[in-house]
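Below is one structure; the comments refer to it alone.
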Amino acid sequence: MQKTSSRLLALLSLLQTHRDWSGEDLAGRLDVTSRTVRRDIDRLRGLGYPITTVKGPAGGYRLEAGTRMPPLLFDDGQVVALAVALQTAATGTAVAEDAARALATLRQVMPSHLRHRIDLLRATAVRPPAAGDIPEVDPQVLMELSRVIHARQELRLDHTPGSGPGASAGVPRRVQPHHLVTWRHRWYLVAWDLDRDDWRTFRVDRVRPRTPAGPRFTPRELPGGDVSTFITGRFRGNDGTTTDWPCRGEVVLHLPAADVAPFVQDGIVEELGPRRCRLILGSWSWTGLATALGHFDTDVEVVGPPQLATAFADLAARYARAAGPGTGPPP
């Protein structure tokens, strides 16, 4: 039988995973008697956890939301998960400083064996080089946007279209905010723009909410049915109703499939021989697709569609003009 403290942690974890538990189910999961479960439930109640008894043929228990926070109890797995999450959040996020302080506080109250495990586990979230100039987002702005999204209130905000010396001042906008999302290390607000009568995505680091908030509204349905489809589609250059690329082409590359596959993300690679493969790839434009395929330093055979072949021809003429006269290939 588990020690009482370990058993209480296990019981609390079970109560947090489901709304209702029967006494028999809890006893079976903990490998104890129903009488022991009842005593442990009383111990948790004494610690401040609001556990109610569920009436019914089998009876049961439910962990309710309380008005005051009882002492937090975590098992070993939960502590390790928290530490890893906080270490990740402490690198280049809007709450980096608070995450670092929370991790230090958590470490101070850990048992020695867990503290040793966490000290051995040093996870560092490395930001890509291109993300080095990403502005940090004010956590208070995130909280305010989250509040109006939850309350379904219209929002007046100032949005700065760009940054740098030539950037214009904030432009007033009236929106119905729907979701906060992260995409490639940036925060975005997805909202219905009341002035433009269309969906828009706003970079949160360029948003300054105005107070007070406006009237409540009934949320519209996002194109595509969910925020993941919508935001992926918008950043791929379509209207957000699908995650498909607007331009999709098929080519044969004179390279082994194993050399191509690591660099095409959601592309489809088919092996045709030792040094030939078929590649189906998408992009936001035909010129962009032809440029991406040109990154592979090899001959390219266009299978289709004709727009892709035209984009290659346009690029070839453009590059020839950039090279200047007398710079053609050697004989």
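Start counting the sequence shown at 716; every next residue gets the next number (my numbering).
C-beta: ideal position from N, C-alpha, C; glycine also.
**Message:** Using the Cβ count rule (16 or more neighbours within 10 Å means buried), how would you classify Ala796?
**Reply:** The residue is exposed, with fewer than 16 neighbouring Cβ atoms inside 10 Å.
**Prompt:** Using the rule of at least 16 other Cβ atoms within 10 Å of the residue's Cβ for burial, across every protein chain shown, is Asp910 buried or exposed?
**Reply:** Exposed, by the Cβ-count rule.
**Asked** Can the beta-carbon of Val979 be found closer than 8 Å to that of Leu968?
**Response** Not closer than 8 Å, so no.
**Request:** Would you decide whether Arg918 is buried or exposed? Buried here means 16 or more other CB atoms lie within 10 Å of its CB.
**Result:** buried
**Prompt:** How many angstroms separate the CA atom of Met825 from the CA atom of Ala742?
**Reply:** When rounded, the separation of the alpha-carbon atoms in Met825 and Ala742 is 28 Å.
**Asked** Phe1011: which of Val966, Phe945, Pro1040 sits nearest, CA to CA?
**Response** Val966
**Message:** Strictly by DSSP, which residues pair up with Ala1028?
**Reply:** Looking at the DSSP output, Ala1028 shares a beta bridge with no other residue.
**Asked** Helix, strand or coil: how does DSSP classify Ser737 here?
**Response** coil
**Item:** Where Gln793 falls: helix, strand or coil (DSSP)
**Value:** helix
**Prompt:** With Phe932 and Pro938 assumed to form a contact (beta carbons below 8 Å), what rounded beta-carbon distance in angstroms separates them?
**Reply:** Incorrect: roughly 17 Å between the Cβ atoms, too far for contact.
**Message:** As an exercise, report each continuous alpha helix (DSSP H) stretch of at least 4 residues that is fully enclosed by the segment 899-952, in chain order.
**Reply:** 942-950
**Request:** Would you kindly report the start and end of the unbroken beta strand (DSSP E) that includes Ser998?
**Result:** Ser998 -> beta strand (DSSP E) spans 991-998.
**Asked** Applying the criterion that 16 or more other CB atoms from any shown protein chain within 10 Å of the CB defines a buried residue, is Ser721 buried or exposed?
**Response** exposed
**Prompt:** Who does Ala868 pair with in a DSSP beta bridge?
**Reply:** With the sequence shown as reference, residue 868 is identified as Gln, and Ala is not the correct amino acid for it. According to DSSP, Gln868 bridges with Arg931.
**Request:** Leaving aside the five residues before and after Met784 along the sequence, list all residues of the same chain whose C-beta is less than 7 Å from its C-beta, in chain order.
**Result:** The pLDDT assigned to Met784 is 46, lower than 50, so where the model puts this residue is not dependable; a value taken from the coordinates is nonetheless given after this. Correct list: empty, nothing qualifies.
**Prompt:** Out of curiosity, what's the CA-to-CA distance linking Trp960 and Asn953?
**Reply:** So the alpha carbons of these two residues sit roughly 7 Å apart.
**Prompt:** According to DSSP, is Tyr1034 helix, strand or coil?
**Reply:** helix
**Asked** Given that a residue counts as buried once 16 or more other Cβ atoms are within 10 Å of its Cβ, and exposed if not, what is Ile983?
**Response** exposed
**Item:** Contacts around Ser861, its chain only, beta-carbon distance under 8 Å, and the 5 residues preceding and following it disregarded
**Value:** Leu895
**Prompt:** Given that a residue counts as buried once 16 or more other Cβ atoms are within 10 Å of its Cβ, and exposed if not, what is Ala866?
**Reply:** exposed
**Request:** For the alpha helix (DSSP H) containing Val979, list its first residue and its last residue.
**Result:** Run containing Val979: none; DSSP gives neither H nor E here.
**Request:** Please go through the same chain and pick out, in chain order, the residues whose beta-carbon is closer than 7 Å to the beta-carbon of Glu1016, but skip the five residues on each side of it.
**Result:** Val966, Val967
**Prompt:** Excluding five sequence neighbours on each side, which residues of the same chain lie with their C-beta closer than 6 Å to the C-beta of Thr956?
**Reply:** Pro938, Gly939
**Asked** According to the Cβ coordinates, are Leu730 and Asp755 closer than 8 Å?
**Response** no
**Asked** From this set, Arg889, Ile864, Thr897, which residue's C-alpha is nearest Asp920's C-alpha?
**Response** Thr897
**Asked** Closest to Tyr1034 by CA distance: which of Ala725, Thr1002, Asp813, Glu936 is it?
**Response** Thr1002
**Prompt:** Does the separation of the CB atoms of Val863 and Pro887 fall below 8 Å?
**Reply:** No; because the gap between Cβ atoms is not below 8 Å, this pair is not in contact.
**Prompt:** Which of helix, strand or coil does DSSP assign to Asp873?
**Reply:** If DSSP states are grouped into helix, strand and coil, Asp873 belongs with the strands.
**Prompt:** By Cβ distance below 8 Å, which residues in the same chain neighbour Trp907 in space, the five residues on each side in sequence not counted?
**Reply:** Val890, Gln891, His893, Asp913, Trp914, Arg915, Arg935
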